[in-house]
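In structure tokens form, the structure reads like this:
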């Protein structure tokens with residue numbers, strides 16, 4: 012257990028740092044745009060570019076993790092994240108800021124791929140679920156609190172401080188992670204990763220079922236998060252403070268689910284975790300559609316939506332690590348590429364679902380509820396019968 016925590020906690024911090032870089036600066040966008048002489052749409056493009064780089068980097072880092080080693084991949088990504096943060100902190104104009112955000116996104120992608128692959132290689136299946144749950148808790152909690160921390164920073168310091176902070180934390184984590192991860196043992200020829208790229212994974216039905224199930228679940232969550240601010244103000248008729256309440260409820264529920272997964276995986280098994288989490292998400296999706304049809308608004312609607320969000324996020328905490336672990340186990344010796352393809356599919360689902368539901372948000376909760384319910388149902392149907 013000590014070995015698990017000694018490795019998982021720094022790696023969780025590293026993956027969380029990469030995702031924190033995505034939104035820590037968001038409250039400073041208006042001030043940043045004014046100082047750099049850029050329009051608000053140009054400043055907002057820094058977020059879109061980061062996410063695009065993060066998504067596209069998954070496949071490249073997955074290949075690197077298998078062929079260059081987890082340690083080198085993590086070190087390179089952390090250095091790139093720190094370097095990109097320095098470019099952003101020193102940017103004299105919006106063009107330099109965009110370049111820095113591109114580097115940040117590329118660097119952040121390394122940890123999201125290499126860390127799950129490293130965990131899969133270092134631990135047995137049950138301990139891997141525990142370690143992945145720790146990583147998932149950090150990945151969900153710290154980025155969710157990023158805009159709050161960013162707002163506090165902007166109140167008392169220059170907006171560039173947000174980027175200096177990411178750069179400093181990257182440089183501090185670099186030697187720590189290098190020492191803890193160490194050099195991975197040399198693979199035997201029989202265990203060497205395949206040189207045929209992603210083709211074997213695309214033919215691996217078990218892997219694809221796990222990966223698509225995870226991607227649909229992940230995409231449904233982030234589609235809801237991206238749509239919630241608009242729905243809270245338009246569908247429920249409340250202020251943006253209501254969105255903060257929903258976010259806090261979701262984060263706490265996810266942490267509770269992930270903590271339960273860590274404690275229960277050996278006693279009840281992965282199959283129980285996945286099925287229980289899937290049931291909670293199914294109930295949340297059905298409840299959201301029922302809420303939309305009932306036309307609940309105002310504070311009553313907020314209370315119901317908070318409960319449904321908590322159910323969905325608790326379900327993700329229960330089944331998310333086990334589903335990801337199942338995909339990486341099915342990937343076998345190609346765990347790095349398996350993690351890369353899985354996260355690429357997940358980010359692609361986020362982009363597609365968010366874009367698909369966006370034109371219909373002015374119709375209220377029903378379009379979002381219908382799409383979320385469809386994605387959760389498809390995610391459940393894709394799961395193998397025996398987990």
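Residue numbers (the working numbering): 12 to 398. Idealized CB from N, CA, C, for every residue including glycine. Bear in mind the structure is a predicted one, so any value in this text is a computation, not a measurement.
Whole-Å CB distance - residue i paired with residue j, under 8 Å assumed
| i | j | result |
| --- | --- | --- |
| residue 121 | residue 72 | 5 Å |
| residue 189 | residue 109 | About 30 Å separates the two Cβ atoms, so there is no contact after all. |
| residue 303 | residue 367 | So it is not a contact: roughly 17 Å between Cβ atoms. |
| residue 289 | residue 391 | 5 Å |
| residue 352 | residue 241 | The Cβ separation is near 31 Å, so there is no contact. |
| residue 152 | residue 161 | Residue 152 to residue 161, Cβ: 15 Å. No contact. |
| residue 51 | residue 44 | 5 Å |
| residue 329 | residue 271 | 6 Å |
| residue 230 | residue 361 | 5 Å |
| residue 239 | residue 257 | 6 Å |
| residue 408 | residue 134 | Residue 408 is absent from the model: the chain starts at 12 and stops at 398. |
| residue 296 | residue 383 | 5 Å |
| residue 77 | residue 348 | 5 Å |
| residue 332 | residue 147 | 5 Å |
| residue 27 | residue 84 | Not really, about 17 Å apart at Cβ, beyond 8 Å. |
| residue 111 | residue 102 | 6 Å |
Opening and closing residue of the alpha helix (DSSP H) in which residue i lies
| i | result |
| --- | --- |
| residue 133 | 105-133 |
| residue 186 | 172-192 |
| residue 391 | 376-393 |
| residue 211 | 210-213 |
| residue 308 | Looking at the DSSP string, residue 308 is not in any alpha helix (DSSP H), and its letter there is neither H nor E. |
| residue 453 | This structure cannot speak to residue 453, because the chain is shown only from 12 to 398. |
| residue 95 | 81-101 |
| residue 452 | Residue 452 lies beyond the range of the chain shown here (12 to 398); nothing can be said about it. |
Local conformation of residue i per DSSP, three classes
| i | result |
| --- | --- |
| residue 34 | helix |
| residue 343 | helix |
| residue 21 | helix |
| residue 287 | helix |
| residue 27 | helix |
| residue 168 | coil |
| residue 238 | helix |
| residue 330 | helix |
| residue 280 | coil |
| residue 50 | coil |
| residue 274 | helix |
| residue 216 | helix |
| residue 396 | coil |
| residue 201 | In this prediction, residue 201 has a pLDDT of 38, which is less than 50 and means its spatial position is unreliable; what the coordinates show is noted afterwards. Residue 201 falls in the helix class under three-state DSSP. |
Closer than 7 Å: residue i CB and nearest the ligand NAP heavy atom
| i | result |
| --- | --- |
| residue 169 | Only the bare structure without any ligand can be found here, which leaves the ligand NAP out of the picture. |
| the stretch 261-269 / the stretch 307-325 touching (three or more Cβ pairs under 8 Å) | Contact holds: three or more Cβ-Cβ distances are below 8 Å.
| task | Check whether the stretch 299-317 touches the stretch 33-46, taking contact to mean three or more Cβ pairs, one atom from each stretch, closer than 8 Å. | result | No: fewer than three Cβ pairs fall under 8 Å.
| request: Would you be able to state if there are at least three C-beta pairs under 8 Å between the stretch 218-230 and the stretch 332-346? | output: The stretch 332-346 vs the stretch 218-230: in contact.
| request: Say whether the stretch 234-252 touches the stretch 273-285, bearing in mind that this needs 3 or more beta-carbon pairs closer than 8 Å, one atom from each stretch. | output: A contact is defined here as three or more CB-CB pairs under 8 Å, and the stretch 234-252 fails this definition with respect to the stretch 273-285.
| task | Please confirm if the stretch 110-130 is in contact with the stretch 254-265, defined as three or more CB-CB distances below 8 Å between the two stretches. | result | The stretch 254-265 and the stretch 110-130 do not touch, with fewer than three beta-carbon pairs separated by less than 8 Å.
| query | Would the stretch 19-27 and the stretch 129-142 be scored as touching if the rule is three or more Cβ pairs under 8 Å? | reply | Yes: the two stretches touch, three or more of their Cβ pairs being nearer than 8 Å.
| Given 8 Å, three or more beta-carbon pairs between the stretch 176-190 and the stretch 25-34 | Result yes; three or more Cβ-Cβ pairs closer than 8 Å.
| the stretch 286-301 touching the stretch 340-347, judged by at least three CB pairs closer than 8 Å | Not touching, per the Cβ criterion.
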